[in-house]
Amino acid sequence: MKKNIESVLTESRVFAPPPAFVAEARLKAHDLTALHQRAAADPQNFWAELARTEIAWHTPFTVTLDDRAAPNFRWFTDGELNVSYNCLDLQLAQNADQLAIIFEGEPGDVRTLTYRELHADVCRFANALKARGIRRGDRVVIYMPLVPEAVVAMQACARIGAIHSVVFGGFSALSLKERIEDAGARCVITADGGHRGGNIVELKAATDKALTEGCASVDTVYVLRRTGATVPMQLGRDLWWHEAIEGQAEVCEPEWVDAEHPLFLLYTSGSTGRPKGIQHSSAGYLLGAKLTSRWVFDLRSDDVLWCTADVGWITGHSYVAYGPLAAGATLVMYEGAPTYPDGGRFWRICGQHGVTVFYTAPTAIRALMKLGDELPAKYDLSKIRLLGSVGEPINPEAWMWYHRVIGGGRCPIVDTWWQTETGAIMISPIPGVTSTKPGSCTQPLPGIFADIVDDEGRSVTMPDAGGYLVIRKPWPSMLRTIWGDNDRYLETYWKKFQHRLYVAGDSAHRDADGCFWIMGRIDDVLNVAGHRLGTMEIESALVAHPRIAEAAVVSRQHEIKGESVFAFVVCRGARPTGDTKEFEKELRDWVAEQLGAIAKPDDIRFADNLPKTRSGKIMRRLLRAIARGETITQDVSTLENPAIIEQLRGH
Ligand code: PRX
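For the sequence shown, the residue numbers in the working numbering are 353 to 1003.
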C-alpha cells in the first residue's frame, strides 16, 4: 500500500460531477448543504426526523437516542417496526410488478423476481421457519451461494424476528462451526452447493462436517437445491427448501420488534484469533442502509443496481439484501466468479441486464483492468450512470481506468469508506454534488462526524498529516456490541479515547480541501482482495499444524489483491531446507481447510526462530519490512540472533 500512499499524496486531479448527472441527480448541492446544516445544528433531531419519514413504524418512537449506557448507544428505543415489512410490503402498494431481483447464475441461468414474487417467497419461507418452531430472537446461520434464496432467507428471518448470521460460502467447515457455536444457532440454511469459477462449492458437505464436530444447538438444516448434486440428508434434521415451503401461505404477518432488536450478527476479523460477532439493530441499521442507498447511489425506482458483493459480507447486507430493496430499486445478483468463463463476464452482465449503478471492489477493478480495454469494449456499458468502489483504498491508476473505460468518462465514481461495524457508508462523495479525486473517499455524509485525531484524541488540522480515523458522535446504523462479549466491544472501539470517540482502526489523512484519504489499518488486520483477515487467525491456523511450532503473519503489497498474506514459520525440529514447495502447498491447503481459501498465504518463509523484543513480542514491523523488501529502519540491536534477518529475508 506504500506505493498507493505515495501516489495519492502527489495526486492532484479533481473531477467535478458531470453536468448531465447533476441535472438529473436526486440530491442537489443545496439539499446536501441543508442536510449538513441540520445535522450540525441538532444531530439527534436530524436523525429523528429522518427516522420518522423513512421508516414505517408499527409503534412510533418517542426516545431518539438513549445514551445512558454509552458507548452502548440505543436508538429510537420505544419504537416498533419490522425490517422486512419496510423492504417489501411498502413496495407492494406502488411497485408490486417492478423487478426486485435479476439473478444470473454462473452457468448462465437467469431468473427474475418482482417485488410481489419476492414478498411471496419471503413469506412462504418465513412460514416454513415458523413451522419448525423458529421464533423471534433465535439465531439462524445462512451459508449459501449468492442466489436469490439467500436474500429470501435473510428477509424471512427479519420477518419473524429471528437473528441471522450469514457466513460467507468461501469459509471452511471449521470457520462455520466456530460461528455457529459462538452464535448458539438453532438452524442452518445452506444449499447442495454453489457454482464458482467452474467448480462446485460443497456447502452441504461443509455444513455436515461442522455439525458432526460440534454445534449441538442446531436442530434444523434447510437445504436449497441449487446444483442438483446428491447430498446426504439427515432424517429429522435436514429439510429440502422446496419441500419446506410447499403448501406454505404467501402471507406472513410481520413480527413487530423493538427498534433495538438485533437484526443480524456478522462475524468479522479483529486482532485476536477469534472472529467477533458484530451485532446490528433493526431500525438504526435499516435507516442507515436505506438513506445511504438513496444518497450515495442516487437510487430511483428505474435504476438497476449491481453491487457485486456476496451476502456473506456487510456490503452484501446493506447494498444487496436491505438498502436497495427499502429504496425500491432493482438489484442484479450474480452467483459466480468475475472471470468465468472469461474476463468479460461482468461487462456482459452489465450490458445484458441494463445495469445503471455498478458497485464493486478495487481488487476486482484491478484484476479486470489487467485484462485490457478490449473486453469491456465488446459490451454495451452505455446504461451505466454511476460507479462505486468499496472495501479498500483504490489506487489512482485503477480509479482512472474505471472512470475512463467502464464509465466512459461520463459517470461519477463514489469511493465509499465504511466497515462491518458502521453498518452503512460513512464517508463518500454525493455523486451529483461532490468533486472527486482519484483515491480519496472525500467527505463524511450528513450526520457522520468523522475526524482524524492524534494520540491524545486532538483533531489533526494540518493538511496531509496522518492520524487515527474516528467518529465523534453516535450514528443510528452503528454496531451495538460484539455478540456475547461487550468488554471486547468497549476495548476494541472505545477504550483508546476513554469512551469518547469511536476508533475505526484505520489511519487516514485529510487534504487542504477537507477530503479524507484512507491509508490502511492500524491493527493486525489484513485486507486481502477486499476481505478482512486477522493475522492472529491465520497464525493460529498455522500453528495448529502438527509440524509448526510458531508463526507470524504480515502482509505485503499485491498488484491485484491490494495486500497478500506473508507467513514466517518456525517448524518443530529442523528448519526445512532445499525444495520446500510441497510442504508449502501442504501448509496452504491446511490454512484453506482451517479458515477458507481466501486466507491462504501467498508467501511462506521458514526460519529457525522469529525476531522478538526483550519482552517476547514478535517484531512485526521488522517482518513487514522484510516481507515488503524494504530497508530496515528499526533498531535490531535487541535481537537475540541478528543473523536471523538474513534467513528471514530468504538468503
Ligand atoms: O480499512 C478499511 C477498509 O475496509 C475496512 C472495513 O472492512 P469490512 O468491515 O470488511 O468492510 C468492508 C466493506 C465496507 C475498513 O476499516 N475500507 C473499506 N472501504 C474503504 C476502505 N479503505 C479505503 N477506502 C475505502 N473506500
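C-beta atoms are modelled at their ideal positions from N, C-alpha and C, and glycine is treated no differently.
Being a predicted model, the structure only gives us computed values, none of them experimental.
When we look at the beta-carbon of residue i and count the other beta-carbons within 10 Å, is it buried (16 or more) or exposed?
i, result
"residue 971", "buried"
"residue 349", "Past the edges of the chain, shown from 353 to 1003, lies residue 349, and the structure says nothing about it."
"residue 882", "buried"
"residue 983", "exposed"
"residue 438", "buried"
"residue 787", "exposed"
"residue 551", "exposed"
"residue 911", "exposed"
"residue 1003", "exposed"
"residue 355", "With a pLDDT of 46 at residue 355, under the threshold of 50, the modelled position of that residue is not reliable, and the figure given next carries that caveat. Exposed."
"residue 764", "buried"
"residue 655", "buried"
"residue 507", "buried"
"residue 340", "One cannot answer for residue 340 here, as it falls past the ends of the chain, which runs 353 to 1003."
"residue 938", "exposed"
"residue 968", "exposed"
"residue 745", "buried"
Quick check on DSSP: helix, strand or coil for residue i?
i, result
"residue 542", "strand"
"residue 670", "helix"
"residue 870", "strand"
"residue 897", "coil"
"residue 962", "coil"
"residue 734", "coil"
"residue 827", "coil"
"residue 586", "coil"
"residue 675", "helix"
"residue 363", "coil"
"residue 711", "strand"
"residue 467", "helix"
"residue 777", "coil"
"residue 491", "strand"
"residue 847", "helix"
"residue 353", "With a pLDDT of 40 at residue 353, under the threshold of 50, the modelled position of this residue cannot be trusted, and the question is left open."
"residue 659", "strand"
Among the options, which one has its Cα closest to the Cα of residue i?
i, options, result
"residue 535", "936, 762, 773 and 490", "490"
"residue 542", "967, 767, 573 and 904", "573"
"residue 558", "544, 548, 551 and 570", "544"
"residue 460", "640, 619, 689 and 469", "689"
"residue 482", "466, 597 and 441", "597"
"residue 604", "977, 718, 441 and 633", "441"
"residue 893", "654, 677 and 941", "941"
"residue 824", "804, 842, 833 and 775", "804"
"residue 766", "774, 944, 951 and 743", "743"
"residue 917", "885, 449 and 464", "885"
"residue 872", "921, 648 and 791", "791"
"residue 512", "484, 500 and 887", "484"
"residue 757", "768, 775, 734 and 771", "734"
"residue 801", "380, 375, 398 and 370", "398"
"residue 588", "600, 575, 581 and 712", "575"
Is the closest heavy atom of the ligand PRX to the C-beta of residue i under 7 Å?
i, result
"residue 436", "no"
"residue 522", "no"
"residue 745", "yes"
"residue 829", "no"
"residue 659", "no"
"residue 631", "no"
"residue 331", "The chain is shown only over 353 to 1003; residue 331 falls outside these bounds and no answer can be derived."
"residue 874", "no"
"residue 884", "yes"
"residue 880", "no"
"residue 858", "yes"
"residue 539", "no"
"residue 741", "yes"
"residue 870", "yes"
"residue 978", "no"
Please list, in chain order, all residues of the same chain as residue i whose beta carbon is under 8 Å from its beta carbon, the five residues on each side excluded.
i, result
"residue 577", "543, 544, 592, 593 and 594"
"residue 902", "895, 921, 922, 961 and 962"
Tell me which residues share the same chain as residue i and place their Cβ nearer than 6 Å to its Cβ, disregarding the 5 neighbours each side in the sequence.
i, result
"residue 999", "959"
"residue 859", "818, 871 and 874"
"residue 686", "456 and 701"
"residue 891", "903 and 905"
"residue 526", "946"
"residue 378", "650"
Which residues in the same chain have their Cβ closer than 7 Å to the Cβ of residue i, if we skip the five residues on either side of it in sequence?
i, result
"residue 563", "570"
"residue 357", "Low per-residue confidence applies at residue 357: pLDDT is 49, beneath 50, and the placement is therefore not dependable, though the value from the model is reported in the following sentence. Counting only Cβ-Cβ distances below 7 Å, and skipping sequence neighbours, we find 871."
Hey, is residue i close to the ligand ADP, as in C-beta under 7 Å from one of its heavy atoms?
i, result
"residue 608", "With respect to the ligand ADP, the structure shown offers nothing to examine, as its ligands consist of the ligand PRX."
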